[in-house]
Amino acid sequence: MATATVIFAGIAIVLAILLIVSSHYLSTTENEVIDKIESLLPRIQCAQCGYPGCRPYAAAIVTDKADINLCPPGGNETVRRLAKFLGSDFSPVTKYSTTANLNEIAFISEELCIGCNLCLRACPVDAIVGTHQSMHTVISDHCTGCRLCIPPCPVDCISLVSRNA
Amino acid sequence: MNFPINSSPHVLPITSVPIIMRHVLYALIPSTIVYVWYFGFGIFINMLIASIAALISEAIMLRIRNRPIKPSLADGSAIVTAILIAFSIPPLAPWWLPVLGASSAIVLAKHLYGGIGANIFNPAMVGYAILLLSFPVQMTHWIPPQIENLGFQNIDLWSTVLYSVTGSLPSNLNLDAITQATPLDIVKGGLKNGISINELRSGPLFSQLGGYGWEWINIFTAFGGVYLLYKGIIRWHIPVSLLTSITIFAALFYLYDPNQNLSPSFHLLSGATVLGAFFIATDPVSAAATNQGRLIYGASIGALTYAIRTWGGYPDGLAFAVLLMNLMVPLIDRFTTPKIYGQQQ
Amino acid sequence: MTELVLIIFSAALVNNFVLVQFLGLCPLLGASKKLEGALGMALSTGLVLTIASALSYSIEHLLLIPFDVEYLRLISFILVIGASVQFTELLLSRISPLLHQILGVYIPLIASNCAVLGVALLNSNAARNLAEAIFYGAGAAVGFGIALILLSSLRERTDEEDIPAPFRGPPITLITAGIMSIAFLGFTGFPQT
Amino acid sequence: MLKYPLFQSFYGGVHLESHKNTSNHKQIARDFLPSRLIIPMNQQFGSDAIPSVKVGQLIQKGEVIGKPAEKNTTAVHASCSGRVGAIEKHPVPTAGKVSTSTCVIIETNDENNIAAQKPPLFKNHLDKLTAINHAGIVGLGGAAFPTAEKLNRKSSHCEMLILNGAECEPYISCDDLLMQEHATEVLRGALAMMEIVGAELTVVVIEKDKPKAIEAISNAIETIGSKCIRLTDIPTMYPTGGERQLVEALTGKEVPSGKYPIDVGCICQNVGTAYALDCFFQLGEPLINRIVTVTGQGVKNPQNVAVPIGAPIVELIKFCGGYDGEVSQLILGGNMMGYTVDTDQLPVTKSTNCIITTKKATTPKPFEIWPCIRCGECIPVCPVRLLPQQILKAYENKNFEELGKLGLSECIECGCCDVVCPSHIPLVENFRKAKHLRMQEIKSSELSNAAQKRYELKTQRLSSQHANTEKLHADLKESIKESSKNDMIKAAVERSKKRRDKK
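Line order of the protein sequences matches chains A, B, C and D.
Convert by adding 50 to the 1-based position in the first sequence; the result is the number in my numbering.
Convert by adding 797 to the 1-based position in the second sequence; the result is the number in my numbering.
So in my numbering, spot 183 of the third sequence is number 181, and the numbers just go up one at a time.
Convert by adding 928 to the 1-based position in the fourth sequence; the result is the number in my numbering.
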């Protein structure tokens, strides 16, 4: 019995040491995976997934195993791509009914804007220009239609218009 | 005046799926006639039963899947599958054998994968393999060729039908007495018992070129195949590479030891070699897509058929060779994509 | 030498571990969605199989038999397999984080792949020597790899087709695997060990 | 049935049933004078011309009515004399579809003399190219690419001028007739082009199904006596007329993706263009006419007509005897690569080489469609060596990455795959949709990339701001501590001093 215990413990210890040593030499970085997943997302930075931006969401998918169906702008198409890439199962996006998308952009009404600067701070992609106490405007080529500027506006002067209009 | 808008090109189609299938059926006529000449009317009965079973299972599957029934039934692909299965089961067979073969081919190999054009395995060969594995006894009850009285009993049409339906033969006939192993079977078993090829081939079931009767069936099948080539229904790559590779392997081993290995002509003209080369391996859905890929596909089927016949457990390996190469098709396709114009260095 | 080649050939084709002996079906279904993933899985399992068969042979013949504690065989083999899987996972996450992510849970699950323990136990039962044991492991790995890669390449095609809804996913994969194993029956009767 | 040649001069292609004899047995009709002209300003590849006439103005045949908007684009001329009726938006057939463009509408009068023109004189090479542009000369093969721009490729050396008389489209015979009737002029034009590009050799390429044209050209070569013009008759095979296919057939070289024949030392010009150039060099006549094949079962007298640019199609059809019974389709261009239009009120433009009228019985679409049976017939006929069946699959699955890999953008939409498909799948139509979708996808991914970059910049900026503030706070705290320490030391020193002083 004693021999058995010694031998078994011995095997276990030797293997454990080998593993610890090899794990020391074989450390990993996950950036590559996060990059790839981020590129599959629509990257309009709307934060509707509950993470502050697309990259944090991608990182969450990799490290925290966040669900892949949290991205409303990407819709089921994005979920399908992610599922295909990750080899996981498809399930439809359930989070929001109305979604941000690239075809609509924000528009600031000149008459109403009071130059409070709040929308500018909310914009994740620096698409709003303007300075304190003067009218702000949206650079249409930069706007991703994420709608993050709408809630902070105290005078409700921001609306969404079609990108091509 | 308002004219309709259509997308280019504005041409009438040259051919269509039903036309292709019809030509395939025409091409099988000569070999059917020779088959009947040597083996009696059994194959007709099997063809009929298999076709009905195939059409019924096709209709049922289309109905369940909520797909339009009429065009798919009319395209003739189910009948082609059924006819090929009828060719591969013994002429004297109980009715449920072709029914099972045809319906498993249509349901399992075709419709579960999404119907015509989506099957990854050759439906006829899946049906045949299932029959062979499930009912090895019934599938090896071949009757010997009935022409030029070799001492075998003649079975008329009525008795064949009766056997197919009821499973009983006229009282003067005994199933075990009238059935025989096929020439390839005899060779396989004989070689195992140390009998040399020459001794085996002096038996009554053999003739100059191959198995008695089988040689002519194969030759007339080849006529049908040439007709398909002439009509542009199939391209030459698969049949030529398949027959060439089987000939080369057979010739090499025959030259090495003619007493232990069958001659190339025997390999070409017995079993399902020619039928396989022109009608089975050329099923476009489960074959490789490009010409280059088809050469590889055909040659590999030839090599595998030869290997299974020579070293494997089954007398004729064509069905397994086709199924094995069906497995390889996606990989072959992946590695034989042609270089796009202007994109190479 | 012919003997060793025959061992590989027979373990890979004639007695294919997956398609003829039906071992290791879980990763076959789980990791065969994409060709890249299947390739990674095949290589990882191959590594584990080879390492594990070599290690378990050594442990059995250098420790267990001399000290007469053969009843520890099963548990120590499991230990060895667990460790080699862990090592493979570390290696994979280093070499290709992308593949590591795609395969996810299936890499640790190699440890519970019955083919791996099967190879170790079959080696021990058949009283093979070290070289034979390693070649048998490698042959099993090749067989597993062939089945996995073929199935994944077929699945890439079938997944895009209009498969009846109740058969989508695992059912049609199992049917495909079934027909694959029918096809592999063509190899029965080939010379084997 | 189709036959695939085992040896072929270029990859792929199909033999098509010829319909040229419907229209090629008559001489070119030259007496067509429409009652009004609708001359579009966007006939050429590139920016539109700007109308330079006023409503009500009387103009003469050959007068400039549209000035080039930029230096390197072409002018537009009046094809007949008359009065400018209006300058307005009008539907115009352009590059595969009908769109609206500014048009000058001319009510013609019978006075059909060309404005006094003489053969132009050139000071230098550049001057010549500008003059060609101002004469409105564009490629008459169908793309209407400005000829001067095509000839002006000084950076690359041109070895061979390919004069394209292949005319592989089964219905078109305008180049055939032109070569038969004006072989010498065509060759003279080619020689002029050769001089401009500095090539040493001109190869006239004609398909073998045009024996009369071949004879006329070879006679003309003898008459001219030039040693640097050669005639090549090539097998009848669609699409030999494609530039890239011609280059491959004649030189064995492939034009790299995204580049032009000039990059492998060739320039392709249509025979019609050479003729137009000769007319300009010899007579000073700008491009105001082109030969149009009016053909198909739906027109009474199918024939080739010299048509003033801008003539309404409806009048051209009337000139050819009018419609014969109920016409089911009107196709502009060949039946393989042309496009249907819904009305005959459109003008003939510089790129209109053929008008086909079809009847119900021969209207090809819509067919019964079967699923793809992977027969692979589409693969050996594709001149670009694509895999149409797999592109279709990738399109159906919206797999854009795969579409890119399969080379969708290289598809020349020649329609060979459609012709041979036994399942009658409208492949080219699907590929067009796929191209469109893919372009959208690429656009939105560009937007996404830009957004990602800006987002990264913003997060970086915010975090560095944050870090700066943190650092500032820390520094302040530190300095407060520092200063208080110093104070204490000072105080201590003070105290000790006091103590010392007490002593």
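C-beta atoms are modelled at their ideal positions from N, C-alpha and C, and glycine is treated no differently.
This structure is a prediction, so every number in the text was calculated from the model and none was measured.
Which residue from the options puts its Cα closest to that of residue i?
i, options, result
"asparagine 151 (chain A)", "A:His182, A:Gly125, A:Thr144 and A:Leu136", "A:Gly125"
"glycine 135 (chain C)", "C:Pro25, C:Ala52, C:Thr0 and C:Ser42", "C:Ala52"
"tyrosine 1267 (chain D)", "D:Thr1285, D:Phe1073 and D:Ala997", "D:Thr1285"
"isoleucine 1219 (chain D)", "D:Gly1261, D:Arg1158, D:His943 and D:Gly1024", "D:Gly1261"
"serine 1027 (chain D)", "D:Arg1382, D:Leu1159 and D:Gln971", "D:Gln971"
"alanine 902 (chain B)", "C:Gly28, C:Ile177 and C:Val18", "C:Ile177"
"tyrosine 1024 (chain B)", "B:Arg819, B:Val808 and B:Ile811", "B:Arg819"
"proline 201 (chain A)", "A:Ala116, A:Ser73 and A:Leu170", "A:Leu170"
"arginine 1302 (chain D)", "B:Asn1056, B:Leu1121, B:Ile1031 and B:Pro1055", "B:Ile1031"
"serine 1084 (chain D)", "D:Gln985, D:Thr1075, D:Ile1195 and D:Pro979", "D:Ile1195"
By the three-class DSSP mapping on this structure, what secondary structure does residue i have?
i, result
"methionine 1125 (chain B)", "helix"
"isoleucine 1284 (chain D)", "strand"
"asparagine 803 (chain B)", "coil"
"serine 1351 (chain D)", "coil"
"valine 942 (chain D)", "strand"
"arginine 92 (chain C)", "helix"
"histidine 1053 (chain D)", "helix"
"proline 1163 (chain D)", "coil"
"tryptophan 892 (chain B)", "coil"
"aspartate 1270 (chain D)", "coil"
"tyrosine 1251 (chain D)", "strand"
"threonine 1221 (chain D)", "strand"
"proline 122 (chain A)", "coil"
"isoleucine 105 (chain C)", "coil"
"lysine 1418 (chain D)", "helix"
"arginine 1427 (chain D)", "helix"
"proline 1132 (chain B)", "Residue identity check: residue 1132 (chain B) is phenylalanine in the sequence provided, not proline. It is helical."
"phenylalanine 1075 (chain B)", "helix"
On the criterion of 16 or more Cβ atoms from any shown chain inside 10 Å, does residue i qualify as buried, or is it exposed?
i, result
"serine 1351 (chain D)", "buried"
"glutamine 1142 (chain B)", "For glutamine 1142 (chain B), the predicted model reports a pLDDT of 48, less than 50, meaning its position is unreliable; a value from the coordinates is still stated below. Answer is exposed; the Cβ neighbour count stays below 16."
"isoleucine 1408 (chain D)", "exposed"
"lysine 1418 (chain D)", "exposed"
"methionine 1416 (chain D)", "exposed"
"glutamine 84 (chain C)", "buried"
"isoleucine 1438 (chain D)", "The first residue shown for chain D is 929 and the last is 1431, placing residue 1438 (chain D) beyond what the model contains."
"alanine 109 (chain A)", "buried"
"phenylalanine 836 (chain B)", "buried"
"tryptophan 1011 (chain B)", "buried"
DSSP puts residue i in a beta bridge; with which residues?
i, result
"glutamate 1088 (chain D)", "The amino acid occupying residue 1088 (chain D) in the given sequence is methionine; glutamate does not appear at that position. Bridge partners of methionine 1088 (chain D): D:Leu1129 and D:Cys1194."
"lysine 1017 (chain D)", "D:Thr1030"
"glutamine 977 (chain B)", "B:Trp939"
"lysine 995 (chain D)", "D:Ile978"
"arginine 1158 (chain D)", "D:Val1131"
"alanine 957 (chain D)", "D:Val1233"
"arginine 1011 (chain D)", "D:Leu986 and D:Glu1035"
"histidine 186 (chain A)", "Answer by DSSP bridge pairing: none, since histidine 186 (chain A) is not bridged."
"alanine 156 (chain A)", "A:Leu210"
Could you give the C-beta distance for residue i and residue j, rounded to a whole number, given that I count them as a contact under 8 Å?
i, j, result
"methionine 1107 (chain D)", "glycine 1093 (chain D)", "6 Å"
"isoleucine 987 (chain D)", "serine 1009 (chain D)", "7 Å"
"isoleucine 147 (chain C)", "leucine 37 (chain C)", "6 Å"
"alanine 1006 (chain D)", "proline 996 (chain D)", "Not a contact, Cβ separation roughly 16 Å."
"leucine 909 (chain B)", "isoleucine 180 (chain C)", "That pair is no contact at about 15 Å."
"proline 888 (chain B)", "glycine 839 (chain B)", "3 Å"
"isoleucine 967 (chain D)", "valine 1032 (chain D)", "5 Å"
Using a Cβ-based criterion (distance less than 7 Å to any ligand heavy atom), does residue i qualify as near the ligand MN?
i, result
"glycine 1010 (chain B)", "For the structure depicted, the ligand MN is absent and the ligand set is empty, with no information on it obtainable."
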